[in-house]
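Here the structure is laid out as structure tokens; the discussion comes afterwards.
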Amino acid sequence: SNLVSEFRRELPRQQAQEAGYGLAALIDGLWLRAALSGKALDKPLAHSLTRHFITQHLPTD
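Using the UniProt record's numbering, read the sequence shown as starting at 1 and increasing by one per residue.
Printed below as a string of structure tokens:
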């Protein structure tokens, strides 16, 4: 996936796959929750959650 490819720039293959699939699942879950609730997606919250996920999976050096 494109997400795995992007994580692969900074992470070993296995970690990149886990991070990419995890981020995809998070994004899918955000959209699904919004669709099922009948409310608009909370964009600031979605941005914050995805940014937090990404920073937790990338090296800090």
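We put the CB at the ideal spot given by N, CA and C, even for glycine. Note that this is a predicted model, so its numbers are computed, not measured.
Q: For F7, collect the residues of the same chain with a Cβ closer than 6 Å to its Cβ; drop the 5 residues on either side in sequence, then sort them by chain order.
A: Numbered from its first residue, the sequence shown carries residue 7 at position 7. Result list for F7: A16, A19, G20, in chain order.
Q. Can you tell me whether L36 is buried or exposed, with buried defined as 16 or more other CB within 10 angstroms of its CB?
A. Counting from one through the sequence shown, the residue named residue 36 turns up at place 36. Flag for L36 reads exposed.
Q | T60 (DSSP reduced to helix, strand or coil) | A | Here residue 60 refers to the residue found at position 60 when the sequence shown is read from its first residue. T60: coil per DSSP, three-state reduction.
Q | Euclidean distance between Cα positions of P44 and L3 | A | Numbered from 1 along the sequence shown, position 44 holds the residue referred to as residue 44. Numbered from 1 along the sequence shown, position 3 holds the residue referred to as residue 3. Those two C-alpha atoms are separated by around 21 Å.
Q) Using the C-alpha atoms, what's the distance from I27 back to R13? A) In the sequence shown, counting from the first residue as 1, residue 13 sits at position 13. In the sequence shown, counting from the first residue as 1, residue 27 sits at position 27. The straight-line gap from Cα to Cα measures roughly 21 Å.
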